[in-house]
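Undergrad: Chains as they are written, first to last, in full-length UniProt numbering: chain A, 1 to 506; chain B, 1 to 506. All C-beta atoms, glycine included, are put in the ideal place defined by N, C-alpha and C. It should be emphasised that the depicted structure is a prediction, and the values quoted were computed from it without experimental measurement. Shown below is the structure under consideration.
Take a look at the structure:
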């Protein structure tokens, strides 16, 4: 492991009159022999005596890298190199997920998550931003809530593993630009307001204690590219290593916002745009989070719904992956048109309720026309980003070597359904790769491999950021993408085949 | 000035949607254009908003160098580059002297000094060391006293100049190894006890606030070579630049201890040894510090003393420079022998008092045989270091290009008298250069010229440290050096000439 922390066991010769270099130098020379130039800061200098004498010069030194140099952050008696821990964190606006890692082996010792305590100041991020705007006390509340969120997860991890945060050296955090501002205690109004020049995108390595964390070393925040393209996405790009591949790759992280990066080792384009809450089930009337009782798989066969719920509980609503299946199945069975409109003559399950068509997919649970419309708008926004970016590269969709879909949504939806509704490009299915929480993966990778730092800034610098809002024909492109799978059917040959097979197309 | 601090006035374009890099990057890019890669730490990141907006992006950034990188430490509205201040300090065990400098011009804006507050824990350094030894509360008392000493001088300088320490960026401190340990709050027993492996010799740049100083940036402590050859001497070597001269130079700092460095740009030898308090008038019965009323010049002519006192006050005692004159004059007038023994037949002023010969040099003031003996022992110790070191170089005394004498003592004694008693080598007088408080000068130089850091560690590393205590024939050499000017008269041709002229030698 060539991570951002080290633990080195030293057994040094006891000073004699013939060998009487200073304690500091004795240690620094020994470290240098192991290839490490390290600074011994004041707290460590103060600890040298009587520690070294008492421990008979047999101890373990913990070192933290700050991007420029190694700093000694702890001395422990004897050999404790086996206890070498660090954190990787994905600081989302909804959830904070942290992994505790064995920094010698890379083994994940524990993973825990909690809702972001910032939620008390607003469910959505904008409310929080306005709460803190130009009100230092409110900003401090939010900063404190952010820190407390971390402390809660640290405590959970300690319960799980017996390893406390004061035994951990450093932490890598991947978060969007707003989250990083709040973590640092900086006003984040800049993120959402013109001219979108935020206060910091690359705070680098910060002393953990200065941030309020009782870790020994540093907290590194993944740098961001722009206000809407933060360290969480850069971390995802690192996780998928799209910047080093010869083939064209597309990395897509979609939630309330969609962020994507397309490119290869030659170039990288990136962009971000609003997607809306539909993908997370947020604007669907019977939508719900992916918790037990949520419909996650939908099959429509011989006029009947076959549902799979999380935890095999009776259906209480439908989550994102269920919605994608639902749309695909309604479409492939001809119950909705290419424009996503219900065709009520196709099934008695389709009926009017309060002047709106809907289909009853489970007892008491309806899927409405407005749900479809809302979702397709979101899908269109997301897909348009993809096609627009592809167009900028001048390359056709079938040049895509890998399509990486980040997030829980990408991990759970059916590839077939997503292609059917035109949410994923119609490429060979093995090219469609759900990557899960790639922000967390990228954070973990950097914790364990500091060589990423050598090219990270350069990658971000060479990235070209596309402002979708500034794109003239974006609305036009979006309208075309609202159709299922897309107005331009040629881009979806496998869907066309399936439509033909089912007699929906001749 | 290429010092360890910078102030840079920035007038930056106000962010627009077309130019919306982060505030942090906007500043870092502007600094980079001026050739500075700078880190913006958390307190500065937190200050960016609303500061930059409110100041319309017209402000001055203060930067401090930490040996590896530049760190932003302050933001001030508009152009304050003219107010660019720093401190150079000579932390002696008796006195702390600090200069306040204009870091743009190098101008000395003020200089002040106070007695080291550590004195309350012991007049001499060993008492203080024992007070603190293995007693953390006592060590903390001494550390606190050290910091308070600085704060008192800062306050004096503020009274003199109106410039407070919170307006100063960084400080360079030259102090001996014990003083640096105490400043950092580290037990210093190691300095005086076998195996003489001290805890730190090169603490480097320390955060001023961590040390207890309200400065903006760092405190740099001059690195030392060994327990008895501390940063104060290294600073003096830097001040005299003996390490870059082709000619052989000798740097000598004598007080209670004598430290010396001999060499040129090819090699450097250094050593230290106890000298005793005699040179500062400490063991002379009527000895006193160089304050008004102290005899500082002595001439003996036609059997009478002609005295000069500091402040033209009636004589109350004799200080170091007076003692050297006294010995030279007694010797050149034949009142004492080459062994420094009174020849009572030479003057009625020489008489017995309590079974000891002495000479009355002013009403009620006697100079005793034991005073002479004590002083000559000290002189012998000092001179022997010089000859021993010279011998090690294999070069004769007349190869010495410059003999630099540091300290108040060196600044005030008569060169002729010092050569006469064999305290200085008998070289051309212009080669004998008193350099005053060279520790302070070296500290000031480094504050104003960080390029010294590029070679400082290397110089110290190439220095060879000679343990006088470990030298076999040191006592033998010392005995030879007790004579006036020296047993080996050949080394003192000008003294021999004068002795012949006066009929003391044929």
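Here's the rule I'm using: 16 or more other beta-carbon atoms within 10 Å means buried, otherwise exposed. How should residue 153(B) be labelled?
TA: The residue you call residue 153(B) lines up with position 153 of the second chain. Residue 153(B) comes out buried.
Undergrad: State the DSSP-derived secondary structure class of residue 246(A), mapped to helix, strand or coil.
TA: By one-based count along the first chain, residue 246(A) stands at place 246. Residue 246(A): coil per DSSP, three-state reduction.
Undergrad: Only counting the same chain, and skipping five residues up and downstream in sequence, which positions put a Cβ closer than 6 angstroms to that of residue 205(B)?
TA: Residue mapping note: residue 205(B) aligns to position 205 of the second chain, counting from 1. 66, 67, 218 and 220.
Undergrad: In chain B, what lies closer than 9 angstroms to residue 23(A) by C-beta?
TA: Here the question's residue 23(A) lines up with position 23 in the first chain. Within 9 angstroms Cβ-Cβ: 190, 197, 198, 199 and 200.
Undergrad: Under a three-way DSSP split, which group does residue 424(B) fall into?
TA: Position 424 of the second chain holds residue 424(B). Note: residue 424(B) maps to coil in three-state DSSP.
Undergrad: Determine the direct distance from the alpha carbon of residue 417(A) to that of residue 167(A), and round the result to whole angstroms.
TA: Walking along the first chain from the start, residue 167(A) turns up at place 167. Walking along the first chain from the start, residue 417(A) turns up at place 417. Approximately 46 angstroms between the Cα atoms of the pair.
Undergrad: Examine chain A for any beta-carbon lying closer than 8 angstroms to the beta-carbon of residue 83(B), and answer yes or no.
TA: By one-based count along the second chain, residue 83(B) stands at place 83. No, residue 83(B) does not count as interfacial toward chain A.
Undergrad: List the residues of chain A that residue 170(B) touches, going by C-beta distances under 8 angstroms, in chain order.
TA: To locate residue 170(B), count along the second chain from 1; it is residue 170. Chain A residues near residue 170(B): none, gap ~15 angstroms exceeds 8 angstroms.
Undergrad: Using the C-alpha atoms, what's the distance from residue 233(B) back to residue 84(A)?
TA: Translated into positions along the first chain, residue 84(A) becomes position 84. Translated into positions along the second chain, residue 233(B) becomes position 233. Rounded to whole angstroms, residue 84(A) to residue 233(B) spans 42 angstroms at the Cα level.
Undergrad: Please name the residue, chosen from 405(B), 503(B) and 324(B), that lies closest to residue 420(B) on a Cα-to-Cα basis.
TA: Taking the second chain and counting its residues from 1, one reaches residue 420(B) at position 420. The shortest CA-to-CA distance from residue 420(B) to any of 405(B), 503(B) and 324(B) is the one to 324(B).
Undergrad: In terms of residues, what are the limits of the beta strand (DSSP E) holding residue 109(B)?
TA: In the second chain, counting from the first residue as 1, residue 109(B) sits at position 109. Taken as a continuous stretch (DSSP letters only), the beta strand (DSSP E) holding residue 109(B) covers 108 to 115.
Undergrad: Quick one: Cα of residue 192(B) to Cα of residue 227(B), how far?
TA: Mapped onto the second chain, residue 192(B) falls at position 192. Mapped onto the second chain, residue 227(B) falls at position 227. Residue 192(B) and residue 227(B): Cα-Cα distance of roughly 7 angstroms.
Undergrad: Considering only the beta carbon of each residue, do residue 292(A) and residue 322(A) sit closer than 8 angstroms?
TA: By 1-based counting over the first chain, the position of residue 292(A) is 292. By 1-based counting over the first chain, the position of residue 322(A) is 322. It is not a contact, given that the beta carbons lie outside the stated cut-off.
Undergrad: Could you check whether the region 354 to 366 of chain B touches the region 437 to 446 of chain B, counting it as contact only if at least three pairs of C-beta atoms, one from each stretch, sit closer than 8 angstroms?
TA: no
Undergrad: Report yes if the CB atom of residue 21(B) is closer than 8 angstroms to the CB atom of residue 70(B), and no otherwise.
TA: Taking the first residue of the second chain as position 1, residue 21(B) is located at position 21. Taking the first residue of the second chain as position 1, residue 70(B) is located at position 70. Against a cut-off of 8 angstroms, the Cβ pair of residue 70(B) and residue 21(B) comes out as no contact.
Undergrad: Using alpha carbons as the reference points, say which of 195(B), 432(B), 111(B) and 139(B) lies closest to residue 510(B).
TA: The structure shown does not extend to residue 510(B), since chain B is modelled only from 1 through 506, so no value can be given for it.
Undergrad: Does the contact criterion of 3 or more C-beta pairs under 8 angstroms hold for the region 481 to 491 of chain B versus the region 244 to 262 of chain B?
TA: Touching, no.
Undergrad: Could you give the DSSP three-state label for residue 434(B): helix, strand or coil?
TA: The residue you call residue 434(B) lines up with position 434 of the second chain. Strand.
Undergrad: Would residue 49(B) count as contacting chain A if we go by Cβ distances under 8 angstroms?
TA: Indexing the second chain from 1 puts residue 49(B) at position 49. Yes, because at least one Cβ of chain A sits closer than 8 angstroms to the Cβ of residue 49(B).
Undergrad: Is the CB of residue 69(A) under 8 angstroms away from at least one CB in chain B?
TA: On the first chain, position 69 is the one that residue 69(A) refers to. Chain B contact via Cβ: present.
Undergrad: Going straight from the alpha carbon of residue 116(A) to that of residue 437(A), what length do you get?
TA: Looking up residue 116(A) in the first chain gives position 116. Looking up residue 437(A) in the first chain gives position 437. Answer to the nearest angstrom: the Cα atoms are 16 angstroms apart.
Undergrad: So with CB distances below 7 angstroms, who are the chain B contacts of residue 353(A)?
TA: Within the first chain, residue 353(A) is the residue found at index 353, counting from 1. Correct list: empty, because the minimum Cβ distance to chain B is about 45 angstroms.
Undergrad: Between residue 16(B) and chain A, is there a C-beta pair that is closer than 8 angstroms?
TA: Mapped onto the second chain, residue 16(B) falls at position 16. Taking Cβ atoms only, chain A reaches closer than 8 angstroms to residue 16(B), which makes this a yes.
Undergrad: Flag residue 203(B) as yes if its beta-carbon sits less than 8 angstroms from any beta-carbon of chain A, otherwise no.
TA: By 1-based counting over the second chain, the position of residue 203(B) is 203. Yes, contact with chain A.
Undergrad: Nearest chain A C-beta to residue 221(B) closer than 8 angstroms, yes or no?
TA: To locate residue 221(B), count along the second chain from 1; it is residue 221. Output row for residue 221(B): interface = no.
Undergrad: Considering residue 235(B), what are the terminal residues of the alpha helix (DSSP H) in which it resides?
TA: Taking the second chain and counting its residues from 1, the one referred to as residue 235(B) is at position 235. Start and end: 231 to 240.
Undergrad: Checking contacts by CB at 8 angstroms: is residue 268(A) closer than that to chain B?
TA: Residue numbering aside, residue 268(A) sits at position 268 when the first chain is read from its first letter. With 8 angstroms as the cut-off, residue 268(A) does not count as an interface residue toward chain B.
Undergrad: Could you round the C-beta distance between residue 112(B) and residue 156(B) to whole angstroms and report it? I think they count as a contact, below 8 angstroms.
TA: Indexing the second chain from 1 puts residue 112(B) at position 112. Indexing the second chain from 1 puts residue 156(B) at position 156. Sure, about 4 angstroms apart at Cβ, within 8 angstroms.
Undergrad: Which chain B residues sit within Cβ distance under 8 angstroms of residue 36(A)?
TA: Within the first chain, residue 36(A) is the residue found at index 36, counting from 1. Result: empty, since nearest Cβ-Cβ is about 15 angstroms, beyond 8 angstroms.
Undergrad: Between the region 364 to 378 of chain B and the region 237 to 247 of chain B, do three or more beta carbon pairs fall short of 8 angstroms?
TA: no
Undergrad: What's the C-alpha gap between residue 59(A) and residue 187(B)?
TA: The residue labelled residue 59(A) in the question sits at position 59 within the first chain. The residue labelled residue 187(B) in the question sits at position 187 within the second chain. Taking the Cα positions, residue 59(A) is about 20 angstroms away from residue 187(B).
Undergrad: The alpha helix (DSSP H) that contains residue 407(B), what's its start and end?
TA: Taking the second chain and counting its residues from 1, the one referred to as residue 407(B) is at position 407. Element bounds for residue 407(B): 407 to 412.
Undergrad: Using 8 angstroms as the threshold, is the C-beta distance between residue 195(B) and residue 16(A) below it?
TA: Stepping through the second chain from its first residue, residue 195(B) is reached at position 195. Stepping through the first chain from its first residue, residue 16(A) is reached at position 16. Yes; because the gap between Cβ atoms is below 8 angstroms, this pair is in contact.
Undergrad: Taking the runs of the alpha helix (DSSP H) that are 4 residues or longer, which of them lie wholly in the UniProt domain "RACo linker region" (5 to 81) of chain A?
TA: 23 to 33 and 42 to 54
Undergrad: Where are the alpha helix (DSSP H) runs, 4 residues long or more, that stay fully inside the UniProt domain "RACo-like middle region" (85 to 244) of chain A, in chain order?
TA: 125 to 132, 136 to 161, 177 to 184, 189 to 192, 208 to 211 and 231 to 240
Undergrad: Verify the CB distance criterion: does residue 187(B) have a CB-CB separation below 8 angstroms to chain A?
TA: Against the second chain, residue 187(B) aligns to sequence position 187. True, the Cβ-Cβ gap to chain A drops below 8 angstroms.
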